[in-house]
Amino acid sequence: MNKRNPEWNQVFAFTKDRIQSLSVEITVREKEFVNDEFIGKIAIDMSDIPTRVPPDSPLGPQWYKLEAEANSSVGELMMILWFGTQADQVFIDAWHSDVASVSGDSITNTRSKVYLSPRLWYLRVNIIEAQDLVVPGDKNRNPEVYVKAALGNAKLRTRVSADKSLNPRWNEDLMFVAVEPFYDHLVLTVVDKNNEEISLGRCMVHLSEAYIRWLPEPVGAKWYNLEGGGDVVEELKFASKLNMRISLNGGYHVFDESIDCSSDYRATFKGLWPPAIGVLELGIIGASVLVPMKSRDGRETTDAYCVAKYGPKWVRTRTVVNSFSPKWNEQYTWEVYDPYTVLIIGIFDNCHLNGEKGPNPKDPSIGKLRIRLSTLSTNRVYTYSYPLIALQPSGVKKMGEIQLALRFTSPSYTSLLAAYARPLFPKMHYIHPLSVYQLDSLRQQAIGILCSRLSSAEPPLRTEVTGFMLDAGYQLWSPRKAKANTERLMDAVHVITEAWKWFDTIKKCNNPAANVLVIVLYLVVVFYPSLVLPTLLIYCFLIGIWQYRKRPRDPTHVNIKLSLADSTNADEWDEEFDTFPSSKQGEVLRMRYDRLRSMAGKVMVMVGDLATQGERLTALWSWQDPVASAIFLALCVMAVVVFCSGLVPPRCILVMVGMFVMRPPSFGIGIPCAPQNVFGRLPTKTDCMLII
Numbered sequence: 014m015n016k017r018n019p020e021w022n023q024v025f026a027f028t029k030d031r032i033q034s035l036s037v038e039i040t041v042r043e044k045e046f047v048n049d050e051f052i053g054k055i056a057i058d059m060s061d062i063p064t065r066v067p068p069d070s071p072l073g074p075q076w077y078k079l080e081a082e083a084n085s086s087v088g089e090l091m092m093i094l095w096f097g098t099q100a101d102q103v104f105i106d107a108w109h110s111d112v113a114s115v116s117g118d119s120i121t122n123t124r125s126k127v128y129l130s131p132r133l134w135y136l137r138v139n140i141i142e143a144q145d146l147v148v149p150g151d152k153n154r155n156p157e158v159y160v161k162a163a164l165g166n167a168k169l170r171t172r173v174s175a176d177k178s179l180n181p182r183w184n185e186d187l188m189f190v191a192v193e194p195f196y197d198h199l200v201l202t203v204v205d206k207n208n209e210e211i212s213l214g215r216c217m218v219h220l221s222e223a224y225i226r227w228l229p230e231p232v233g234a235k236w237y238n239l240e241g242g243g244d245v246v247e248e249l250k251f252a253s254k255l256n257m258r259i260s261l262n263g264g265y266h267v268f269d270e271s272i273d274c275s276s277d278y279r280a281t282f283k284g285l286w287p288p289a290i291g292v293l294e295l296g297i298i299g300a301s302v303l304v305p306m307k308s309r310d311g312r313e314t315t316d317a318y319c320v321a322k323y324g325p326k327w328v329r330t331r332t333v334v335n336s337f338s339p340k341w342n343e344q345y346t347w348e349v350y351d352p353y354t355v356l357i358i359g360i361f362d363n364c365h366l367n368g369e370k371g372p373n374p375k376d377p378s379i380g381k382l383r384i385r386l387s388t389l390s391t392n393r394v395y396t397y398s399y400p401l402i403a404l405q406p407s408g409v410k411k412m413g414e415i416q417l418a419l420r421f422t423s424p425s426y427t428s429l430l431a432a433y434a435r436p437l438f439p440k441m442h443y444i445h446p447l448s449v450y451q452l453d454s455l456r457q458q459a460i461g462i463l464c465s466r467l468s469s470a471e472p473p474l475r476t477e478v479t480g481f482m483l484d485a486g487y488q489l490w491s492p493r494k495a496k497a498n499t500e501r502l503m504d505a506v507h508v509i510t511e512a513w514k515w516f517d518t519i520k521k522c523n524n525p526a527a528n529v530l531v532i533v534l535y536l537v538v539v540f541y542p543s544l545v546l547p548t549l550l551i552y553c554f555l556i557g558i559w560q561y562r563k564r565p566r567d568p569t570h571v572n573i574k575l576s577l578a579d580s581t582n583a584d585e586w587d588e589e590f591d592t593f594p595s596s597k598q599g600e601v602l603r604m605r606y607d608r609l610r611s612m613a614g615k616v617m618v619m620v621g622d623l624a625t626q627g628e629r630l631t632a633l634w635s636w637q638d639p640v641a642s643a644i645f646l647a648l649c650v651m652a653v654v655v656f657c658s659g660l661v662p663p664r665c666i667l668v669m670v671g672m673f674v675m676r677p678p679s680f681g682i683g684i685p686c687a688p689q690n691v692f693g694r695l696p697t698k699t700d701c702m703l704i705i
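Okay, structure coming up:
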């Protein structure tokens, strides 16, 4: 530095279990001289180093004398030494000893980081009509007009207006995803289809001019002038107009994840957020027996880092270089608003350090797991080693294991129970629901925005990492997933088929004692119909109590057998990893193949949804979600007491239930009731499915 009083302000961190020396030695050298001439050093015994544990205040710096080789003092060095933890404020920016081989700008790519997703809004553009369009050329021709809309990289269009006139009408909604801050412009172009797709005018609307709403109140229409329409002359004293309603809807939740495996269901507008019900704590301890991911300097190695997402908060651990058993020991917390949400954790290999080849290397994934919070017992610490399973073109492969510590803390059991009775989605999803096609299109827009924003952070969370965490390619056709969803459906209705088989055996009198017992029970039901419902409820209660001993002891994770990953042949793997559009040869084959995959993907999702509903029914007494099972069993007992006491006749309850179900629209707005909300939060096997 060419200074007699240099300053560094640099922090170095050493892993305690790798320290084998009995003392710490700090050496100061002069870089300007040949061979970095020695100036002085300081030696401190390990036993003299203090320990600091937050929230203790930081230790104060001290001056230490530099000793030359002749035991003479050549100056002083101000520094602090202490044994600390990853909770220290300086831990994130410290230069860790395990990345000593990394230098230059690559150091930034090794550090841990917390990211926040930008707030996303649904932009609804209701295109009503156009007025006084001017068609170049033949003015007596009636144009066939549609409107193109563009926001950022997203482009949509309306149908061709049925009114083939200069005042066409559409009354059609186009939905976009907008991101805060609202710097973008919405560009709308009126196009004549029969005139070489010529523009009849365009207008630009800044998003800051859009009406912001979070309640289902109507939005007023507004006329916008169209400019720059093809060969229209400038001397016209009037302008073509476009009538639209443009609004930013904060009452919806913008989905960037799969609906069944989402980490957040809150509305965009903060005023509609429910109160927090607890805190999720995640300790990322380390990984073991990771497979080699690349070659550096002639030897195989892995530079692993971990990414976790819950809600809008993403966390990235530091990169541990050249290790197949990295240790992170980092801890993170999130506020929890709904127990049905899912924590997503992925592990990746860092390919942006020294020595990587290629103009634009990507960080390949090592594995991913999803943990649903409702399957965790509250206030209990789970320390578990999860297998990292990956799907590859050659088949399924175990990539290693990751050690995690989890705890879901809920200070108020009442608020936790109330969360089960709340609607899962914001009310706007029920009052003005979006179609499946709209949700899928909007989700792809949201994923594109998040990939762009997070990849521009420092250090960047790269596009391939964000897409992998959000399951960007989940909807593509896969024969394996179609078969797996079909088997899930068959397993969910297994109870009905088994009951039918049992009844069939009773009819055949294979067991005379059972046959006599069933006849007696039938006579009891005939002569005492009031015992039917209590008997069924007490039977459900006994099944739930019997299944309690089989309840899951550890959090669920990916299941190879459930995903049929162990029985898939090479041809099906080749089809699953095929690109979209297909890379197969032959134009006709490619067209038919892509069409088949698109149609089959929708059928696959539908079958999966049916399986999800069946699994929720069986989850009532499976104790996968301890809270929901406890609620169900408690309601069964309460219902038995009410029915047996005779306070409320069963016929009255049936009348009330029937009247509630068939109530007119004026008595309800279609928002699900408490039992439906509890049922909608029951865990399924969706988060145990292996997905690329």
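In terms of my numbering, the sequence shown opens at residue 14 and continues consecutively. Where a beta carbon is used, it is the ideal one built from N, C-alpha and C, also for glycine.
Does the distance from the CB of residue i to the CB of residue j come in under 7 Å?
i: ALA280; j: GLY264; result: yes
i: TRP236; j: ASN207; result: no
i: CYS319; j: THR330; result: yes
i: ARG65; j: TRP95; result: yes
i: ILE551; j: VAL653; result: yes
i: GLN560; j: TRP634; result: yes
i: ARG137; j: ASP186; result: yes
i: VAL147; j: GLU157; result: no
Over the uninterrupted alpha helix (DSSP H) stretch that includes residue i, give me the two end residues.
i: TRP286; result: No alpha helix (DSSP H) contains TRP286, which DSSP labels as neither H nor E.
i: SER642; result: 639-658
i: GLN75; result: That residue, GLN75, is in no alpha helix (DSSP H); its beta strand (DSSP E) goes 75-80.
i: LEU452; result: 449-468
i: VAL545; result: 545-561
i: VAL302; result: Where VAL302 is concerned, there is no enclosing alpha helix (DSSP H), given that its DSSP letter is neither H nor E.
i: GLU222; result: Per DSSP, GLU222 belongs to no alpha helix (DSSP H) and is neither H nor E.
When every heavy atom of the ligand HEM is checked, does at least one fall within less than 6 Å of the C-beta of residue i?
i: LEU389; result: By its list of ligands, the structure shown contains no ligand whatsoever, and the ligand HEM lies outside what it can speak to.
Closer than 6 Å by C-beta to residue i: which residues in its own chain qualify, once you throw out the five before and the five after it? Chain order, please.
i: PHE554; result: LEU646 and CYS649
i: HIS365; result: ASN122
i: SER338; result: SER301
i: LYS283; result: none
i: THR391; result: PHE421 and SER423
Based on Cα-Cα distance, which residue from the options lies nearest to residue i?
i: THR354; options: SER275, LEU261, VAL37 and ASP316; result: SER275
i: ALA100; options: CYS686, SER110 and PRO68; result: PRO68
i: VAL87; options: LYS78, TRP95 and PHE656; result: LYS78
i: PRO439; options: ILE462, TYR278, LEU404 and THR332; result: TYR278
i: SER387; options: ASP362, PRO352, GLU414 and PRO377; result: PRO352
i: LYS568; options: TRP286, ASP316 and TYR395; result: The sequence shown places Pro at residue 568, rather than the Lys named in the question. The shortest Cα separation from PRO568 among TRP286, ASP316 and TYR395 belongs to TYR395.
i: ASN363; options: LYS307, GLN598, PHE51 and LEU293; result: LYS307
i: CYS657; options: LEU546, PHE282, ILE684 and MET503; result: LEU546
i: PRO377; options: LYS322, PRO305 and ASN392; result: PRO305
i: ASP310; options: ASN367, VAL533, ALA643 and VAL158; result: ASN367
i: LEU133; options: LEU201, ILE259, SER34 and PRO325; result: PRO325
i: LEU169; options: VAL160, LYS177 and ASP176; result: VAL160
i: LEU417; options: ILE360, THR427, TRP513 and ILE298; result: ILE298
i: ILE140; options: ASP587, LYS29, THR202 and ASN166; result: THR202
Between the C-alpha atoms of residue i and residue j, what's the straight-line distance to the nearest angstrom?
i: ILE402; j: VAL24; result: 37 Å
i: LEU239; j: SER469; result: 35 Å
i: PHE516; j: LEU544; result: 21 Å
i: GLU313; j: ASN335; result: 9 Å
i: ASP197; j: ASN262; result: 16 Å
i: ASP269; j: ARG456; result: 5 Å
i: ASP707; j: GLU142; result: The first residue shown for the chain is 14 and the last is 705, placing residue 707 beyond what the model contains.
i: ALA641; j: LEU437; result: 14 Å
i: LEU72; j: ILE93; result: 7 Å
i: ASN582; j: PRO229; result: 51 Å
i: ILE415; j: GLU343; result: 13 Å
i: GLU89; j: TRP76; result: 6 Å
i: LEU530; j: ILE519; result: 10 Å
i: TYR350; j: ALA432; result: 8 Å
i: SER465; j: ALA459; result: 10 Å
i: GLY243; j: LEU179; result: Annotation note: pLDDT 49 at GLY243 (below 50); position unreliable, coordinate value reported separately. Computed Cα separation, rounded: 15 Å.
Using C-beta distances below 7 Å, list every residue in its chain close to residue i, excluding the 5 sequence neighbours before and after it, in chain order.
i: THR625; result: ASP273, THR697 and THR699
i: VAL506; result: GLY627
Starting from residue i and walking both ways along the beta strand (DSSP E), at which residues does that stretch end?
i: ARG309; result: 307-309
i: GLY408; result: 408-422
Output needed for residue i: all residues of its chain with C-beta closer than 8 Å, excluding positions within five of it in sequence on either side, in chain order.
i: LEU129; result: PRO325, LYS326 and TRP327
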